[in-house]
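So for the sequence shown, our numbering puts the first residue at 1; every next one is plus one. Quick reminder that beta carbons are idealized off the backbone N, C-alpha and C, glycines included.
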Amino acid sequence: MSVLRGFLLLLLGPPLAGCAADVLVLKTGERRLCHIAGVEGENLLLLSQPVKELPAILLPCPRQQVASIEFDQDSQLERQIKEATRLELPELRLIWGKFLPLLGFASSPGGKIGLRLGLLLLEERSASSSLEALTVFSNVAAEASAAHDREAARQGKLRAWTALGKLREAGAEAELVLNSETGASLAAEARLVLAAANESALVTLLDENPRWEEDDSARAQRTALYHKTLDLFLLAALLPGGSPELAMRGLWGAMGVHRRCGEHFLAAETARDLIAFYPASSFAKKASEFLETLPSEIRARAPAPRSPAANERPFGPPTTNSDENNLQPDPQKEPAPAPASKRRKRSRN
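If you want it as structure tokens, here you go:
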């Protein structure tokens, strides 16, 4: 039996007298020591053991009589929820079912449980699991009492919509996020969603217009999509306060744009940033594999990997994608040393 399954039995089983339990605070001021077994209609179902020698009994309590609930803060259970794997999805679903109706109460662990369940469902990488994850995240975003849980759930919704291929819904939500005050992680996730949508449009344009350079309209569209896509990926990667995972996804996305557009030198620079700043990550491994596929002259001329200082932020490519950032070196000849008094000019895209 898994550890999480054991905790499930404790959660749904009768409490022992004298042990830690939930505290129900009624509007009359009365405090009841109990375990909340679930919700049935408009009633909370309480397991209570008033007398140690007698078995626990199940009592209904109308929700309208409840002022608040002081949930048992079980640090061990919280740790097990955090460390749960996809193998424990059945148990986690049952625990989520218990706490879903209690999301609105302050101190409810339901938000954390729902967020973990949603992320594990996304790891299943199936349409049904992604749809279930979207439902879970939507519940947390709408009903959780903690603002940080609601914001994390909105981030989860963006991922779920993307996994389902619902890019229109994901894009609309991402625009709402960026037009409101949100935390760094949610803002970065929103930019990644919009970057992916613009990248898809860029790829379609290039596939349908292989001679885009000779077409004024296609060239203008390509330039606009190129810059917008890179800006979104890089802003997601460099946003202060964002998580390393989001930064890596942003840099990896920018590297992919450079590769798709044949800018192998810029792609190599971005790959080296991933390796330098996140050496133990799966992205660094993939970046190293990409570098090995490049021609020797590009590998030889690419800058050496940096060793960032402890207080240095990963800067990767520039924070904005100006024309200067997109200059391409001539692969046929080595650049001459630039005089100290003025900068060497290179041809623009």
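Q) What three-state label does DSSP hand G38 in the structure shown? A) Your numbering for residue 38 matches position 38 in the sequence shown. Here G38 carries a strand assignment [DSSP, helix/strand/coil].
Q.
Under 8 Å, with one C-beta from each stretch per pair, do the stretch 186-197 and the stretch 166-177 reach the 3-pair mark?
A. Using a C-beta cut-off of 8 Å, the stretch 186-197 makes contact with the stretch 166-177, since at least three inter-stretch Cβ pairs fall below that distance.
Q) Under three-state DSSP, which class holds A89? A) For the purposes of this step, residue 89 is identified with residue 89 of the sequence shown, where counting begins at 1. A small fix is needed here, since residue 89 is Leu in this sequence, not Ala. It is helical.
(Q) Less than 7 Å between C-beta atoms, sequence neighbours within five positions excluded: which residues of the same chain meet that for L123? (A) The count along the sequence shown starts at 1 and reaches residue 123 at position 123. Sequence check: residue 123 is Glu here, not Leu. Excluding sequence positions up to five before and after E123, its CB lies within less than 7 Å of the CB of R86, all in the same chain and listed in chain order.
Q.
Within a Cβ cutoff of 7 Å, which residues of the same chain sit near F105, ignoring the five residues on either side of it in sequence?
A. For the purposes of this step, residue 105 is taken as the residue at position 105 of the sequence shown. Cβ within range, chain order: S68, I69, S145.
Q) Looking only at its own chain, which residues have a Cβ that is under 8 Å from the Cβ of G262, when we skip the five neighbours before and after it? A) Residue numbering aside, residue 262 sits at position 262 when the sequence shown is read from its first letter. For G262, same chain residues with a beta-carbon under 8 Å away, outside a window of 5 residues either side, do not exist.
Q) What three-state label does DSSP hand E208 in the structure shown? A) Translated into the one-based positions of the sequence shown, residue 208 becomes position 208. In the structure shown, the three-state DSSP call for E208 is helix.
Q: Sort E78, C61, A127, A220 by Cα distance to G114 and report the nearest one.
A: Numbered from 1 along the sequence shown, position 114 holds the residue referred to as residue 114. Considering only alpha carbons, the answer is E78.
Q) Just how far apart, CA to CA, sit A160 and L26? A) The sequence position of residue 160 within the sequence shown is 160, counting from 1. The sequence position of residue 26 within the sequence shown is 26, counting from 1. Near 38 Å, if we compare the C-alpha coordinates of L26 and A160.
(Q) Taking only three categories from DSSP, how would you classify N179? (A) The residue given as residue 179 occupies position 179 in the sequence shown. Correct three-state label for N179: coil.
Q) Leaving out the 5 sequence neighbours to the left and right, which residues in its chain are closer than 6 Å to W212 when beta-carbon positions are compared? A) In the sequence shown, counting from the first residue as 1, residue 212 sits at position 212. Excluding sequence neighbours, W212 sits near A218, R219, R222.
Q | Bridge partners - E70, DSSP secondary structure assignment | A | The residue given as residue 70 occupies position 70 in the sequence shown. Residue pairing for E70: DSSP places it in a beta bridge opposite V23.
**Q.** Simplified DSSP assignment, three categories, for P62
**A.** The count along the sequence shown starts at 1 and reaches residue 62 at position 62. Looking at P62 - three-state DSSP - the assignment turns out to be strand.
(Q) Less than 7 Å between the C-beta atoms of G253 and F233, yes or no? (A) Counting from one through the sequence shown, the residue named residue 253 turns up at place 253. Counting from one through the sequence shown, the residue named residue 233 turns up at place 233. When the beta-carbon positions are compared, G253 and F233 come within less than 7 Å of each other.
**Q.** Pairwise C-alpha distance: C34 and A153
**A.** On the sequence shown, residue 153 is found 153 positions in, with the first residue counted as 1. On the sequence shown, residue 34 is found 34 positions in, with the first residue counted as 1. Cα to Cα, A153 sits roughly 29 Å from C34.
**Q.** Exposure of G316, with buried meaning 16 or more beta-carbon neighbours within 10 Å
**A.** Locating residue 316 in the sequence shown gives position 316, where the first residue counts as 1. Its pLDDT being 40, under 50, G316 is placed unreliably in this model, and the coordinates cannot settle the point.
Q. Do L58 and L44 have their C-beta atoms closer together than 7 Å?
A. Numbered from 1 along the sequence shown, position 58 holds the residue referred to as residue 58. Numbered from 1 along the sequence shown, position 44 holds the residue referred to as residue 44. Between L58 and L44, the gap from beta carbon to beta carbon reaches 7 Å or more.
Q: Would you grab the beta carbon distance between A267 and M248 for me? Rounded to a whole angstrom, and I think it's under 8 Å.
A: As a working mapping, residue 267 is identified with position 267 in the sequence shown. As a working mapping, residue 248 is identified with position 248 in the sequence shown. Contact flag wrong, Cβ pair sits at about 15 Å.
Q: Measure from the alpha carbon of H258 to the alpha carbon of each residue in E199, E245, L89, then state which is nearest.
A: For the purposes of this step, residue 258 is identified with residue 258 of the sequence shown, where counting begins at 1. The shortest C-alpha separation from H258 is found at E199.
Q) According to DSSP, is S48 helix, strand or coil? A) The count along the sequence shown starts at 1 and reaches residue 48 at position 48. Three-state DSSP puts S48 in a strand.
**Q.** S296 versus A284: straight-line alpha-carbon distance, rounded
**A.** Against the sequence shown, residue 296 aligns to sequence position 296. Against the sequence shown, residue 284 aligns to sequence position 284. Between S296 and A284, the C-alpha separation is close to 20 Å.
Q) Looking at C-alpha atoms only, which residue of H264, A236, A280 is the closest neighbour of F290? A) Within the sequence shown, the letter at position 290 stands for residue 290. The shortest CA-to-CA distance from F290 to any of H264, A236, A280 is the one to H264.
Q | Selected residue, minimal CA-CA separation from G38, among L239, E83, A133, G110 | A | If you number the sequence shown from 1, residue 38 lands on position 38. For the set L239, E83, A133, G110, the Cα lying nearest the Cα of G38 is the one of G110.
Q) Where does L33 fall in DSSP's three states? A) Numbered from its first residue, the sequence shown carries residue 33 at position 33. If DSSP states are grouped into helix, strand and coil, L33 belongs with the strands.
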